[in-house]
Structures are given as C-alpha cells and as structure tokens.
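Peer 1:
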Amino acid sequence: MSSAGGVRADHPELGREQEYVSKLYRRLDELRAQSSERLDTALRATGGTPQARSERETAITMYTDQLAHLSAVENGLCFGRLDFDSDERRYIGRIGIFDDDGDYEPLLIDWRAPAARPFYLATAASPEGVTRRRHIRSRNRTVVGLDDEVLDLNAARPGAHEEVTGEAALLAALDARRTGRMKDIVETIQAEQDRVIRSEPGGVLVVQGGPGTGKTAVALHRVAYLLYTYRQQLSTRVVLVVGPNETFLRYISQVLPSLAETGVLLCTLGDLYPGITARRLEPPEVAEIKGREVMTEVLAAAIRDQQRVPDKCFDLAIDGDVLRLDRAVCEDARAVARRSGKLHNLARPIFDTEIIHALSLQLADRIGSDPYADDPLGGDDAPGDPQILAEADLAEIRRELREEPEIQAALDWMWPILTPRQLLRGLYASDDRLATAAPQLTEAERALLRREPGGGWSPADVPLLDEAAELLGEDNRPVDALAEKRRRARIAYAEGALEIMSGSASLDFEDEAESEILAATDLIEAERLADRHAEEARLTPAERAAADRKWAFGHIVVDEAQELSPMAWRLLMRRCPSRSMTVVGDVAQTGELAGTTSWQRALEPYVDHRWRLAELSVNYRTPAEIMAVGAEVLAGIDPSLRPPRSVRHSGVEPWRLRVEPTRLDECLVDVVSREVAEVADGRIGVIVPAGREYELGRSVTKALPEAAVGDQPDLERRVVVLTVRQAKGLEFDSVIVVEPGLIAAESRRGRSDLYVALTRATQRLGVLHTRPLPAALEGLRPLAAGEPSRAG
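Okay, so the sequence shown: first residue is 3 according to the working numbering, each after it adds one.
Below, the structure is given as structure tokens:
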C-alpha cells in the first residue's frame, strides 16, 4: 500500500513543477521548429538524380512524421515523476526529451522506456527503489494538480486498493465525464495491464477480459509500446488495428495520436478488401452461413463449375470455314489445365494453348488435304498428301486463331477469367449455381444466400471475396499491359520534346564552332526523361498497405475478436504470415452467430499450441452496483464465468421502470431528459433493440436536438441512441437500456447482447420496459414514474 494525497493550489511544489514543465514545453517548441525548418528545406529542393529524389522523399516523410508526433503530445506532455532512494529523479511523459546543451541527459523519459516502468509497477511491498511516485495533472501547459504516493508500508492508508497503483489519479480519471472519444490511460496504467502492454510481440497473445477491464486501451497502448521498441521492424511493415465497426474506430481514433503514433492503419473487417467498403446490412442468419469454414469448399466448387465444356461440340466459323471443337477435346484441355496445379485465372493460358493447338492441327489438316484451299505459303497440296506445314507455319496459324473473336468468345465461355466480385455475384444470383456449389447447405440455407446483384457488399462478404481471390489467382497481364502502354506514351512524348529542342538548336547554331555545344539529347535519353517525369503517388506505408490485398502486416490487433467468424480468422491469418497478433475480447460478450466461443478452437488451426492467454480481472470502468446486475446475466450465459472485480462504487443503484406500451416513447424522452440533468456535461447512451432503433431514435431526437441516431451516430453528442452492435466497446456516463427482454430475444446470442448493453455505463444504469423482464433483472430497484432516478 502507499500513502497518497493531493496538494493545495497554493502549495510551493505546484510552482516548482510548473517551472520544470514549462522548460519541457520550451524544448518541445525547439524540436518542432527544427523539424519544420528541415521539412521546408526538403520541400524546396528540386531536381537531382533518382537517388537524390528518393532521399528527398525519405526526408520529407521523416520530418512530416516528426512534426505529427511532436504536435500530438501537446496535451499532458509530462504526467509523472519518480523519486528514488538514491536521490535520483525521473520525469515521465508521452515522449522522450533530451537536453541538447549538456551531455544529452534525459529531461523527460518516454513512458514506454524500461526506465519508466517503475511508475506503473512500484508498490510499497516492491518499491523498486522508488520512495515517491507523483502524478502531475495539467490543463494545456499549466500544472493544475499533484497527487503523491509515498511508498512506505508504515504510512499505509486504510481503504486503499491493493490491486491498483496511483489510486487517486485512477479514480479521478474514472470519475471524469465521458467526451464521446476514448482517452489514453498512459497516466494510470495498472500492473496487470502493463504486463500485457510490454509482452513480447511474437506469436498470438489473447487478452481476455470482462467489461471495463480496459482491454481496448491496453491493446492500443501495446501498439504504441511495440512501435517504440521495435520501430525498425514494424514502421515499414505497418501495424493493423481491426475494430468491430466505424463508430468504434471513431471512438478510439485519438488514442494512438495522443501517444505520438500516427502511422497505424485502423479499419473494420468490411474495409479489408481494397476497393470495397462493405457496409450492407443483412440478417444475422445470413452472416452466420457466410462465416462458416465450409464456404471455402463452396467457393472452390463454384470456380470448378465455371470451367465448362460444351454438351456436344462447338462449331466455329473462321473465314468462311467451320472448325469443330469436340467435347472430348475440351475435356482433355480442362484436365491438362487442372493438373497444372495453377489457380483458375493463371491456368487459363494453359487451357487456351491446348484448345488452340487442337484447332490449329484441324485447320492444318484441311489445308494439306484440300486442293482448292489457299495455301498460306503460296502452293497447292494434293488430297491425301502428308502434312507439309513447318512448325513456324503452325505457329502463325495458332497466332491467327487466337485473334479470332469467335474463338475468344468460346474460350471465355469455357474458362472465363473471373474476378472475386464476379464469382460471388454470379453464385448469389443463381439457384442452380448455389445448388451445384453448396450441396453441404440445406435448401433453406441456400435460399438465405440467394440475392440479386447490386446493393453493395456486407462485412461477411469480405472474407469470401478474399478467399475467392486466393483461389482464383490474380491475372496481372491487363494491368501490366496498361502500365507499359502508359510508359511508352511518356517515352514518345519525351522523344518529341527532345526532337523539338534539337531542331531549335540546329537553327540557332549554324557555324561549326557553335555546333559543338552540348544539346539536350547529348545529356539525357528519352527513356530517362520519361521516367523522371512519371507521376509517383506519395503514400505512407499505411496507405500502401490499405491498397494492397497481399500486404503482410508486421503486427495485427483485433478488438472485439470474439465476433470473428472462421472465415474472418482465415483472412486475418493471411494478412499476418508471422502470426504476430494481439487478440482482444471476451467470449461472454459474443453476439455474432458465427462468432468465437473458444479461443482454442479459433486459433489452434493456425498456430497449434503457440498462443498464450493473458486475463484482465479488474473492472476499472463499471461501478460495483452495475456490475452486480451484469453478473446475474453472466451466470445465465455460463455459470463457470466470473465477472471482473470492480474497484469502485458509484453510490447509485440501477433502476427499472415499467410503462404501458403506448407510453414508451413519451416515458423514454422523459427519462432521458432527467438523465441529461443528472450527468451535466456527461454522455448518455440509450441502447435499444435493433428492430426499434429508428422508431425510438426519432422520438428522442425530435424532443432532444442534442441527441444522435443512425448507422454512424456522432458520439460527441450529449445523447446517443444505438443498438447493442453499435455499442460494443463504447462507454457512457449513463446508460438506459430499453426493452431488455426484446434485446435478449432478438438473437440466439441475445443474453450476451444484454450483458454488453448493461455494462456500458461508468456511473448510472436504468432499464425501461413494457414487457416482463428477464429473470436476471427482476432484482433491480423499481422506479415509479416521475421518481428521480438519482435516488439510492
């Protein structure tokens, strides 16, 4: 334990810390000015060799990143101090800052550095040489408060929590009003969280924790730590953070920049196929079918179904002649292409070669046996004469046959070049194709997959598109041909420019002496001039990774990972061949029908036993009064599961209010209005059944203009109406759960959804209902209509 306490506003220590913090900000301003000046110099530089241009681009990227990092740490630059028994003093902050005037002594130690770790781990029982830990609270550049912990067993403070460090600072952070954006926890990281954050990057680390344990914050701080410790390996390979939805990504978007990390790619599962933003809504039963691993077999069968042969034969009219393509020939060609082991699109040239070869022999035989046929070589062959065409002649025949539109059409029908989108659209749009490709599914399940083209893609489609891309193979010939065509056009333009310059020079220099002056064509070739003026997009590694389906990420963080289907796991494992991943979730909160209920079953097909589990057991967000309600629901999900321990009480008992169905909208508006008054400038989440989101949302937003509702609600509004799926990972000062019985009944995982809904609050929880409550909620304190919900 430790003795802790704050200082008065007029305490002399406040002034001394202000002086030091101001010194740090002056040094920060100097570093910004240096980076800005160097960036301006790099931007003004022009021309030079390709190497010089490459070095300039590298410098521009480096100084741009430096400025972004230095600007991101403006608020809360320095937040802690450690005093050691050796009289050493260390200041802890968001980045490391060094004294450039002396011996490069550290003025501020980056929180991720090993020297800063005692700030998070030191206790009275194991002080690690620390005599005092000071938390420095600031607003902008002004120090506004100090909290000291004296690590002295003799000064133990009754009531202190043994499982938390920096209790005063932690509780202050927890009691602060929500803003609609997640804040970093760099000032209040706890020991069990620190161990996860600093865990080695190799292999798959599963961070399992119940509501309020800080899983998401820990994962994001782990990203910042890994980039600090292994920057050379990870900065170019990029770290990917996958979240459950766009609302969640907006909610966490400021955490990593506040930790001076701006090069991380944040996206949802629906963003992981370049060129597609998958937002289509579909029934959970459909998403569950698409998420099954059997869909790999369905896609493979759908591709084979596209490798067709005619029922009998093709008659192809070529220059007035008719060539016959028998079914047997087509079957042989298909067998050869399949035996090659190449993917569908990459095997097409093999299939083409076999078919064209057969047609060329047929045509050659006719030329050699028909005395009236025009011989390409200018002679006549007698009927029955042996074939006299040389291999070069046959090659020319094959070349001409390839260019015949009718033959190309036949080849495209028998072995079409397919994109993943074409394959999936065609499969969904055809009862016959679904029946042929998916005999493993029931007729009812195939009917759920059936849909007409159009309407966009759903998140559950993205793993299927990615799988299809792996099975089809990418035919890059059209792209390469287009790039080469553009390159040749640039060269032709450069040649024209050089010719104009040469022509002008020949007119200017008519005497022999002047003609010895070097011309532009003597200094540079057209090809080099074209390459110099080629447009190169200036993309960050994260932007390049987002556009490249085959990018191998250095590390992947998956939040709400329990919601991933088997097909989604396949996609992510392909994106991370090194299997360096941080998987964050809680199997008790799994809401998706295809989601994960066992980390072992999800991961061992890819990493065998090479994964490790870290459990977070302390609930920092949810007060004990609310967590007791959640625990009742959790027991109904799985009696073997234990809820996390809450570190604080709010003093407000959760309540329930039953109203007549005809008055639900009216009473909801009334309850929300009263909660707005109770939480002052805090945030209120109204969690409703998915089927009633817009109906109830309209009522609330009509009465309260500051409220938000929709597919991507603005979380910075005072009141937000949203579904459980949208609420995953979020937190609010006050939460009102509407019709919990309907939420629990909407899905086979409805009790897990209810558990999520009830544990989003940091201070207050209320339940509004028209129908009987689930048994786990019957113990809530009843609230009479019009009674203040603040009553304890």
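Cβ coordinates follow ideal geometry from the N, Cα and C atoms, glycine included.
These numbers were taken from a predicted model, which means no experiment stands behind them.
1) Would Arg180 pass as a contact of Gly684 if the rule is Cβ separation under 7 Å?
2) Taking the C-alpha atoms as reference points, what is the distance between Gly699 and Val711?
3) From the DSSP output, in three-state form, read off Met184 for me.
4) Distance, Cα to Cα, Val23 vs Arg83?
5) Return helix, strand or coil for Ile686, following the three-state DSSP convention.
6) With 16 other CB atoms within 10 Å as the buried threshold, where does Val208 fall?
7) What is the DSSP secondary structure of Cys578, counted as helix, strand or coil?
8) Using 10 angstroms around the beta-carbon of Leu45, count the other beta-carbons present and answer buried if the total reaches 16, otherwise exposed.
9) Tyr253 lies in the alpha helix (DSSP H); which residues open and close that run?
10) So for Ser342, helix, strand or coil by DSSP?
11) Quick check on Ser736: buried or exposed, where buried means 16 or more other Cβ atoms within 10 Å of its Cβ?
12) Less than 7 Å separating the beta-carbons of Val288 and Leu450?
13) Got a sec: does the ligand PLP put a non-hydrogen atom nearer than 6 Å to the Cβ of Ala127?
14) Nearest-angstrom Cα distance between Gly245 and Gln256?
15) Just reading off the beta strand (DSSP E) that Ile320 is part of, what are its end residues?
16) Going along the chain, which unbroken runs of the beta strand (DSSP E) with 3 or more residues stay wholly within the region 167 to 235?
17) Mind listing, in chain order, the continuous alpha helix (DSSP H) runs of no fewer than 4 residues lying wholly within the region 256 to 307?
18) Between which residues of its own chain and Arg576 is the CB-CB distance below 8 Å, once the five residues before and five after are set aside?
19) Tell me Glu741's beta-bridge partners as DSSP assigns them.
20) Among the residues of its own chain, which have a CB less than 7 Å from the CB of Pro418, if the five just before and after it don't count?
21) Looking at the structure shown, is Val585 part of a helix, part of a strand, or coil, going by DSSP?
22) Measure the alpha-carbon distance for Pro14 versus Ala626 and round it to whole angstroms.
23) Check whether the Cβ atoms of Ala226 and Glu194 lie closer than 7 Å to each other.
24) If we ignore side chains and look at the alpha-carbon of each, how far apart do Ala446 and Val726 end up?
25) Going by DSSP in three states, Ala158 sits in which element: helix, strand or coil?
26) Among Asp713, Gly265, Leu670 and Glu708, which residue has its Cα nearest to the Cα of Ser701?
27) Based on Cα-Cα distance, which residue from Val722, Pro776 and Val673 lies nearest to Ile745?
28) Is it buried or exposed, His811, if we count other Cβ atoms within 10 angstroms and call 16 or more buried?
29) Would Thr51 be called buried (16 or more neighbouring beta carbons within 10 Å of its own) or exposed?
30) If you reduce the DSSP assignment to three classes, tell me which class Leu443 lands in.
31) Which residue spans inside the region 636 to 696 form an unbroken alpha helix (DSSP H) run of at least 4?
32) Along the chain, where does the alpha helix (DSSP H) that runs through His771 open and close?
33) Measure the alpha-carbon distance for Leu268 versus Thr218 and round it to whole angstroms.
34) Determine the extent of the alpha helix (DSSP H) in which Gly752 is found, giving its start and end residues.
35) Would you mind working out which of Leu123, Asp150, Pro259 and Ala178 sits nearest Leu79, comparing C-alpha positions?
36) Evaluate the contact criterion for the region 540 to 547 versus the region 556 to 573: three or more CB pairs, one atom per stretch, below 8 Å.
Peer 2: Answer, in terms of the structure:
1) Along the sequence shown, read from residue 1 onward, the residue named residue 180 stands at position 178. Along the sequence shown, read from residue 1 onward, the residue named residue 684 stands at position 682. Cβ distance < 7 Å, so Arg180 and Gly684 count as in contact.
2) To locate residue 699, count along the sequence shown from 1; it is residue 697. To locate residue 711, count along the sequence shown from 1; it is residue 709. Each residue's alpha carbon lies about 6 Å from the other.
3) Counted from its first residue, the sequence shown places residue 184 at position 182. Residue state, collapsed to three classes: coil.
4) On the sequence shown, residue 23 is found 21 positions in, with the first residue counted as 1. On the sequence shown, residue 83 is found 81 positions in, with the first residue counted as 1. Looking at the two C-alpha atoms, the distance is approximately 11 Å.
5) Looking up residue 686 in the sequence shown gives position 684. Correct three-state label for Ile686: strand.
6) Against the sequence shown, residue 208 aligns to sequence position 206. Looking at its Cβ environment, which holds 16 or more other Cβ atoms inside 10 Å, Val208 is buried.
7) As a working note, residue 578 is residue 576 in the sequence shown. When secondary structure is reduced to three states using DSSP, Cys578 falls in the coil class, being assigned neither helix nor strand.
8) Along the sequence shown, read from residue 1 onward, the residue named residue 45 stands at position 43. Exposed, by the Cβ-count rule.
9) As a first step, residue 253 is located in the sequence shown; it is residue number 251 there, counting from the start. DSSP places Tyr253 inside the alpha helix (DSSP H), whose first and last residues are Glu248 to Ile254.
10) The residue labelled residue 342 in the question sits at position 340 within the sequence shown. Ser342 falls in the coil class under three-state DSSP.
11) In the sequence shown, counting from the first residue as 1, residue 736 sits at position 734. By the 10 Å Cβ count, Ser736 comes out buried.
12) Locating residue 288 in the sequence shown gives position 286, where the first residue counts as 1. Locating residue 450 in the sequence shown gives position 448, where the first residue counts as 1. Cβ distance < 7 Å, so Val288 and Leu450 count as in contact.
13) As presented, the structure is devoid of all ligands, the ligand PLP included, so that no description of it is given.
14) Position 243 of the sequence shown, counted from the first residue, corresponds to residue 245. Position 254 of the sequence shown, counted from the first residue, corresponds to residue 256. Approximately 14 Å, taken between the alpha carbons.
15) Looking up residue 320 in the sequence shown gives position 318. Cys315 to Ile320 is the extent of the beta strand (DSSP E) around Ile320.
16) Restricted to the region 167 to 235, the beta strand (DSSP E) segments that are unbroken, complete and at least 3 residues in length are 206 to 211, listed in chain order.
17) Segments of the alpha helix (DSSP H) lying fully in the region 256 to 307: 257 to 260, 286 to 292 and 297 to 307.
18) The residue you call residue 576 lines up with position 574 of the sequence shown. The residues are Asp468 and Glu472.
19) Taking the first residue of the sequence shown as 1, we reach residue 741 at position 739. DSSP output for Glu741 lists no bridge partner at all.
20) Along the sequence shown, read from residue 1 onward, the residue named residue 418 stands at position 416. So the qualifying residues of the chain are Gln308.
21) Taking the sequence shown and counting its residues from 1, the one referred to as residue 585 is at position 583. Reduced to three states, the DSSP call for Val585 is strand.
22) Taking the sequence shown and counting its residues from 1, one reaches residue 14 at position 12. Taking the sequence shown and counting its residues from 1, one reaches residue 626 at position 624. When rounded, the distance between both Cα atoms is 38 Å.
23) The count along the sequence shown starts at 1 and reaches residue 226 at position 224. The count along the sequence shown starts at 1 and reaches residue 194 at position 192. In this structure, Ala226 keeps its C-beta atom at 7 Å or more from the C-beta atom of Glu194.
24) On the sequence shown, residue 446 is found 444 positions in, with the first residue counted as 1. On the sequence shown, residue 726 is found 724 positions in, with the first residue counted as 1. Cα-Cα distance, rounded: 28 Å.
25) Locating residue 158 in the sequence shown gives position 156, where the first residue counts as 1. Any reading at Ala158 needs caution, since the residue's pLDDT is 45, under 50, leaving its predicted position unreliable; the model's value is listed next. Three-state result, Ala158: coil.
26) In the sequence shown, the residue the question calls residue 701 occupies position 699. It is Leu670.
27) Here residue 745 refers to the residue found at position 743 of the sequence shown. Residue nearest to Ile745 within the set Val722, Pro776 and Val673 is Pro776 (criterion: CA-CA distance).
28) A query on residue 811 cannot be resolved here, the shown segment of the chain reaching from 3 to 794 and no further.
29) Counting from 1 along the sequence shown, the entry for residue 51 is found at position 49. Classified as exposed, Thr51 has fewer than 16 neighbouring CB atoms from the shown chains inside 10 Å of its CB.
30) Numbered from 1 along the sequence shown, position 441 holds the residue referred to as residue 443. Three-state result, Leu443: coil.
31) Secondary structure in the region 636 to 696: the alpha helix (DSSP H) runs of 4 residues or longer, each lying completely within the stretch, are 666 to 681 in chain order.
32) Within the sequence shown, numbered from 1, the residue matching residue 771 stands at position 769. In the DSSP annotation of this structure, His771 is not part of any alpha helix (DSSP H); the continuous beta strand (DSSP E) holding it starts and ends at Ala763 to His771.
33) Along the sequence shown, read from residue 1 onward, the residue named residue 268 stands at position 266. Along the sequence shown, read from residue 1 onward, the residue named residue 218 stands at position 216. For Leu268 and Thr218, the gap between their C-alpha atoms comes out near 13 Å.
34) The residue given as residue 752 occupies position 750 in the sequence shown. For Gly752, the enclosing alpha helix (DSSP H) starts and ends at Gly752 to Leu760.
35) On the sequence shown, position 77 is the one that residue 79 refers to. The option with the nearest alpha carbon to Leu79 is Pro259.
36) Not touching, per the Cβ criterion.
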